[in-house]
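Trainee: Sharing a structure, written as structure tokens. Questions coming.
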């Protein structure tokens, strides 16, 4: 069976990947900027989640709580550093997408976007959803429950990551000669 992809499909997916990578870059850059310029708001969030002081106070779980302000603030600063690094990686990927016609920019943009998007998935999936939500029982808190936002960010980032990867697969296929065997059965 011959590949039916064409340059228009590949170009459209590349543009979509570029725009969505840029959108995620803008989002996480604004999140990091907000956490830096309004440090106290989310500092309180991190402190309450780690202290587990608004959960059901189950004695079987409370040993997990981190009540040291120094440790809580160190965790918050680590989150901000991770967000800032992800923003820089995704902004660089977006710039490479914009320059993709020069010097093979699309494959490099795709690789960099993949790194940045995976950083986002680690932050929101492992950090907030798994560690915050489950280990520190954030889901039990009426005021400090960020699980829904974490899942939303994790899933949206995953969709963008899939599109970025798909754009590479389609791009790679359309670069092949039209008569090349793709290994599929007729």
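In my numbering, the protein residues as written are 1 to 186.
Don't be surprised by glycine CBs; every beta carbon is placed ideally from N, CA and C.
Over the uninterrupted alpha helix (DSSP H) stretch that includes residue 97, give me the two end residues.
Mentor: 69 to 98
Trainee: Span of the alpha helix (DSSP H) holding residue 43?
Mentor: 39 to 51
Trainee: Check the C-beta distance from residue 136 over to residue 50 and give it rounded, since I have them as a contact under 8 Å.
Mentor: 6 Å
Trainee: Does the beta-carbon distance from residue 108 to residue 90 come in below 8 Å?
Mentor: no
Trainee: I need the DSSP call for residue 66, collapsed to helix, strand or coil.
Mentor: Note: residue 66 maps to coil in three-state DSSP.
Trainee: Residue 14 by DSSP, collapsed to three states: which one?
Mentor: helix
Trainee: For residue 59, report the span of its alpha helix (DSSP H) as first-last.
Mentor: Taken as a continuous stretch (DSSP letters only), residue 59 belongs to no alpha helix (DSSP H), as it is neither H nor E.
Trainee: To which residues of the same chain is residue 14 closer than 8 Å at the C-beta, ignoring the five residues directly before and after it?
Mentor: 97, 100, 106, 167 and 171
Trainee: Can you name, in chain order, every residue of its own chain whose Cβ lies under 6 Å from the Cβ of residue 119, other than the five neighbours on each side?
Mentor: 86
Trainee: In or out: residue 126 buried (at least 16 other Cβ within 10 Å) or exposed?
Mentor: exposed
Trainee: Going by the beta-carbon positions, is the gap between residue 21 and residue 94 smaller than 8 Å?
Mentor: yes
Trainee: What's the C-alpha gap between residue 158 and residue 59?
Mentor: 36 Å
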